[in-house]
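Colleague:
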Amino acid sequence: MFKFTLGTGQSIGPVALQTLWIRACQSPDVSVGRQPARFGAEDRPTYALYASQHLEDLPQIELRLRRLLEESKLRFSLVPMHR
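For the sequence shown, position 83 (counting from the first letter as 1) is numbered 83 according to the working numbering, and the numbering increases by one without interruption.
1. Alpha carbon to alpha carbon, what distance is there between residue 29 and residue 19?
2. Quick check on residue 78: does DSSP put it in helix, strand or coil?
3. Would you tell me roughly how many angstroms separate the C-alpha atoms of residue 68 and residue 24, rounded to the nearest one?
4. Can you give me the C-alpha to C-alpha distance between residue 10 and residue 75, rounded to a whole angstrom?
5. Would you tell me roughly how many angstroms separate the C-alpha atoms of residue 56 and residue 79, rounded to the nearest one?
6. Taking the Cβ atom as the reference point for each residue, do residue 44 and residue 6 lie within a distance shorter than 8 Å?
7. In terms of residue numbering, what span does the alpha helix (DSSP H) encompassing residue 63 cover?
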């Protein structure tokens, strides 16, 4: 549904990321992933957020996700994959 990277030197653990994503989706039926940084990516992994394709109101979920990441004091670049 979404992919994102964090600012240099920042990271988020799998449990915290799963909790944040559950809150954004308002559903426990989600999963998360982390891909190691690619060469030249300044050691910044890509995080992936997955959920059912049948989630309603994806724009609202994206707004909640952005707010939760900001509240966590994370600098991020978020890319929606569902459009």
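We put the beta carbon where it would ideally sit given N, CA and C, even for glycine.
Modeller: This is what the structure holds:
1. 11 Å
2. Strand at residue 78.
3. 7 Å
4. 8 Å
5. 18 Å
6. Contact flag set, yes.
7. 58-71
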